[in-house]
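Beneath this line is the structure, given in structure tokens, with notes to follow.
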Amino acid sequence: MEKFDILIAGAGVTGGMIARELSRFQLSVCLLEKENDVACGATKANSGIVHGGYDPVPGTLKAKLNTAGVELLFEAAEMLNVPHKRNGSMVCAFAEDENRIIDHLYERGLENGIEGLSVITGDRARELEPELSDKVTKALLVTNSGIVCPYELTIAAVGNAMDNGVELKRNFAISDIAKIGEGFVVSAADGRKVQGKYLINCAGSFADDLAAMVGDKFYQIIPRAGEYMLLDKAEGVRVSRTIFQTPGKEGKGILVTPTNHGNLLTGPTATEVEHGESTETTGAQLAYVQRMGAKSVPGVNFRQVITSFTGVRASVAGGDFIIQMSDKVNGFVHVAGIDSPGLTCCVSIAKYVVDILKNAGVVLTEKENWNGTREDMHAFSKMSVEEKNEVIRNNPSYGKIICRCETVTEGEIIAALHKNPVALDLDGVKRRTRSGMGRCQGGFCSSYVMKLIAQHAGMDMTDVTKNGTGSYVLTEKI
Amino acid sequence: MINHDIVIVGGGPAGMAAAVAAYDNGVTDVVILDRDDDLGGILRQCIHNGFGLHKLGQELTGPEYAAVYKAKVEERGITVYKNTMVLDVSQDKVVTATNRDGIMQIQAKAVVLAMGCRERSRGALNTPGTRPAGVFSAGTAQKLINCEGYMVGKKVVILGSGDIGLIMARRMSLEGAKVEAVCEIMPYSGGLTRNIVQCLEDFYIPLYLSTTVAEIHGKKRLEGVTIAQVDENRNVIEETKRYIECDTLLLSVGLIPENELTAQAGIDMDRITSGAIVDENCQTLAEGVFACGNVLHVHDLVDYVSDEAERAGKGAAEYVTKGTNNSEYVNVSAAGGVRYVLPQHIHTQPKEAVSLFMRVGKPYGKVRFTAKCGDTVLASAIRLKAAPGEMEKLVIKTDKFSHITGDITVTLEEM
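Residue numbers (the numbering used here), protein chains in the order written: chain A, 304 to 781; chain B, 3 to 417.
As structure tokens, then:
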């Protein structure tokens, strides 16, 4: 049985960033993921916002990690060459009672130590964002916040961790955890077993299941679904900042934001669902997204929707993050209830977890050759014509466009099939390269991409999947 | 930068016919740029028959129809850049493209846009439910089956009764799949009558009108769909919901002209056709840039694509050799039950008879189409029936040209 110092359960943005943080040290680390790829849970389906930090209740772990997390996140995104932008945001009020919430958020932001906040009038808000509704009465202007591509951040964090020695095991659905003298033996549904001295639970909406396996389930995950609509790049210019409505107890309300790739995103709703994999969209909720999105930015043309999707937040009662060494089971670290602003906090959470391990006696000796940077997977698209021609001369596959909606070359797809963590399925290629992410949603490119996957991963065409076991695309060779 | 007289973007039926016509009208320096590894475009995957009855007087398969034009291109020695993707077209007619040899820029004297169309995707429909494998646009499935040689499923529901959906219902049946249903949200089919008979009725496949797919089920691979009838506002009628077990959903829910390059170039478009605004020679509002085929408006028959592309190719050649027609433009617009008419404007002094193409907004019985300028009838035609799926045509003959004194309106009256 393979033995590691540290096991991390779950390769979402939290687990991935903890893996990267731990890869700095002379430790053997293994990341266990139940899906065929990283970033498959809440990480792949959220708003992608780096929140300013005015929202969490002062004194909570969320407030502390958010305040510390914003700069850490932008720094990591920079080093990992992940699309990010400090585009700022606005929280908009539409009525008198909401005006008071704006003042309250401003004060809370000051208390949390957030800089760059100001309260502005509706007219000033419309000067800054001309497409904003004329019904906006007041707004909180936030300048330190931004947007980041959450799945690319996770792919890059895991890839960087792997480049620095971390191991990733996919399709490792944890079915049993046995406490042994010094650590844990973790078993997967398919019979594989690994051993580790410490086990960090980053299992998202399954975190309570894992806690139960070690007999320390003191919280229950309350899965709350959020539905989104993603619109064509033609709509991506409606606003430059992220536009929020005043938050309620359910969450931060429906936002309208540009994405790093130039699309427009609107959502999320907040409905309690059965479990973490209840990621279906519903007619009623999508209609609500549309109505509330139009409330902030009336000009959005919802005929330009290119896809809609649902993410499930792994919330807990109480609302704060639960990040601590288990009281009952030494060596088991809970990282649970990571809902918004979890993405913003992923690096500060990772550093917080490293401190927990340090306090538990883990010796942290830094590697001499740790490299925290990762090459830009979209570098080609940013080059000048001369630079591109130079690349194509050396590698003609960069001259062949596979995805025309997003202008993705064969060379970029082949790179995604060979670069840590390698893409193994269509969704994996899509999240790494954007091939199939555009307006035709893979209509033209998917058959080419399937051929490339088959060729480079050494599998038969009929074994190529959308997102792992069971999601086959082709039934048989004719 | 290299120079060519005429650059044609796209080597499908429109691009090939335009290239041949340009050559035959006196411009021999014509090049075709195509993203695929061979000419033919979407025809390459349309292995069914029914192509060429009008244009070539024989019934051919898609690849056979393409081969006829490919031979004409080759006979003329027209240069074809294959595996070449056009990235940009500018209004001053610089075409930027990439292939395995690198990125090239061509300064053209005239450009013909012939990029074809793409299918509307599931995302654009906003169908609620899960996002499993097994949901394909019909054309994607057609390519996988006919060109790659792989079957995509065993139990199939098809949403949309446009021609590709109908053709694929038959194709899936022939390969041994069970097509459980074809659902059409409208109260009538958008496909050609002959396809409803030959592809559905002959295979006992039920067509449910005013019916849509209301929900998609299944985690990893599609497990089933909920279909439901819709009311006159196309809203789902809850009590008519019913579940159909299937592993495959094919979507044939509309074609969208691929006008990204056109939009990027800042060329004015028609909101209804989603294609460029053109004159009788298929010239867009950017001088020397022409458009034809499905990138201009979605056609029902490839034969008409070839006709239109020949006009565009000839127009481009005349532009290169003789310059522009300097006569005034008059607008051509649709009214009443006519949904759109093309071209959107014509010269007051056209060089030859002008064909107007139109589609109706809903099915009609016997109708008369009329093109009028003021009170003067320029052209008129009676049809025993008219359907949104079938393109109609009126011809303004040369003897009527003196009456083109102002804007033209095309209407229909029920008879």
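We treat Cβ as the ideally placed atom computed from N, Cα and C, and that holds for glycine.
Starting from residue i and walking both ways along the alpha helix (DSSP H), at which residues does that stretch end?
i: Arg-244/B; result: From DSSP, Arg-244/B is part of no alpha helix (DSSP H) but of the beta strand (DSSP E) over 244–247.
i: Thr-457/A; result: 453–466
i: Ile-717/A; result: 713–719
i: Asn-692/A; result: 688–697
i: Ile-321/A; result: 316–325
i: Lys-754/A; result: 749–759
i: Phe-377/A; result: 364–382
i: Val-280/B; result: Here Val-280/B belongs to no alpha helix (DSSP H), and DSSP marks it neither H nor E.
Could you round the C-beta distance between residue i and residue j to whole angstroms and report it? I think they count as a contact, below 8 angstroms.
i: Leu-252/B; j: Ile-160/B; result: 5 angstroms
i: Gln-200/B; j: Ser-212/B; result: Not a contact, Cβ separation roughly 23 angstroms.
i: Val-608/A; j: Gly-162/B; result: Rounded, the Cβ-Cβ distance is 18 angstroms, inconsistent with contact.
i: Lys-353/B; j: Asn-327/B; result: 7 angstroms
i: Ala-342/A; j: Gly-315/A; result: 6 angstroms
i: Lys-72/B; j: Leu-41/B; result: 5 angstroms
i: Pro-433/A; j: Gly-351/A; result: The Cβ separation is near 23 angstroms, so there is no contact.
i: Thr-582/A; j: Leu-533/A; result: The pair is not a contact, with the Cβ atoms about 15 angstroms apart (cut-off 8 angstroms).
i: Leu-310/A; j: Tyr-357/A; result: Their Cβ separation, rounded to whole angstroms, is 36 angstroms, which puts Leu-310/A and Tyr-357/A out of contact at 8 angstroms.
i: Val-638/A; j: Cys-743/A; result: Not confirmed; about 38 angstroms, so no contact.
i: Ile-169/B; j: His-56/B; result: Not quite, the Cβ-Cβ distance comes to about 18 angstroms (not below 8 angstroms), so this is no contact.
Which partner residues of residue i appear in the DSSP bridge assignment?
i: Tyr-501/A; result: Ile-309/A
i: Asp-309/B; result: For Asp-309/B, which the question treats as bridged, DSSP gives no partner whatsoever.
i: Pro-352/B; result: Partner(s): none; Pro-352/B has no beta bridge.
i: Ser-618/A; result: Ile-525/A
i: Tyr-366/B; result: Ala-388/B
i: Gln-381/B; result: Here the sequence assigns Ala to residue 381/B, which means Gln is not the residue at that position. Paired residue(s): Ala-373/B.
i: Thr-346/A; result: Thr-346/A is not bridged to any residue.
i: Val-158/B; result: Val-181/B, Thr-250/B
By how many angstroms is the C-alpha of residue j removed from the C-alpha of residue i?
i: Gly-486/A; j: Gln-498/A; result: 7 angstroms
i: Gln-109/B; j: Val-96/B; result: 5 angstroms
i: Gly-714/A; j: Glu-399/A; result: 55 angstroms
i: Asp-26/B; j: Ile-557/A; result: 59 angstroms
i: Arg-606/A; j: Asn-566/A; result: 14 angstroms
i: His-387/A; j: Val-451/A; result: 4 angstroms
i: Ser-436/A; j: Tyr-531/A; result: 20 angstroms
i: Asn-283/B; j: Phe-747/A; result: 30 angstroms
i: Ser-749/A; j: Gln-60/B; result: 34 angstroms
i: Gly-391/A; j: Val-445/A; result: 6 angstroms
i: His-759/A; j: Leu-729/A; result: 13 angstroms
i: Leu-303/B; j: Ala-16/B; result: 12 angstroms
i: Asn-314/B; j: Pro-571/A; result: The question names Asn, but residue 314/B is Ala in the sequence shown. Each residue's Cα considered, the two are about 47 angstroms apart.
i: Ser-308/B; j: Ala-20/B; result: 8 angstroms
i: Val-340/B; j: Gly-12/B; result: 30 angstroms
i: Arg-473/A; j: Ala-345/A; result: 17 angstroms
i: Val-540/A; j: Arg-707/A; result: 21 angstroms
i: Arg-677/A; j: Asn-463/A; result: 6 angstroms
i: Leu-456/A; j: Leu-383/A; result: 7 angstroms
i: Leu-513/A; j: Ile-480/A; result: 8 angstroms
i: Leu-471/A; j: Lys-722/A; result: 13 angstroms
i: Ala-718/A; j: Gly-416/A; result: 42 angstroms
i: Gly-193/B; j: Val-297/B; result: 19 angstroms
i: Val-619/A; j: Gly-551/A; result: 17 angstroms
i: Ala-216/B; j: Val-517/A; result: 43 angstroms
Can you list, in chain order, the residues of its chain whose CB lies under 8 angstroms from that of residue i, leaving out five sequence neighbours each side?
i: Lys-74/B; result: Met-18, Val-22
i: Asp-308/A; result: Leu-330, Ser-331, Val-332, Gly-499, Lys-500, Tyr-501, Val-665
i: Asn-698/A; result: Gly-714
i: Lys-399/B; result: Ala-355, Ala-381
i: Leu-45/B; result: Gly-14, Pro-15, Phe-53, Gly-64, Pro-65, Tyr-67, Ala-68, Val-304
Please report the residue range of the beta strand (DSSP E) in which residue i lies.
i: Asn-328/B; result: First-last for Asn-328/B: undefined, no H or E at that position.
i: Ser-1/B; result: Here chain B covers residues 3 to 417 and nothing more, so residue 1/B does not appear.
i: Phe-547/A; result: 545–548
i: Tyr-210/B; result: 209–211
Excluding the five sequence neighbours on either side, which residues of its own chain have a C-beta within less than 7 angstroms of the C-beta of residue i, listed in chain order?
i: Ile-404/A; result: Ala-396, Thr-549
i: Thr-710/A; result: Ser-684, Ile-704
i: Phe-403/B; result: Gln-351, Pro-352
With a threshold of 6 angstroms on Cβ separation, who are the neighbours of residue i within its own chain once the five nearest residues in sequence on each side are excluded?
i: Ser-254/B; result: Ala-140, Gly-162, Gly-164, Ile-166, Gly-167
i: Glu-305/A; result: Val-497
i: Ala-318/B; result: Ile-8, Ala-24, Ala-112, Val-114, Phe-292
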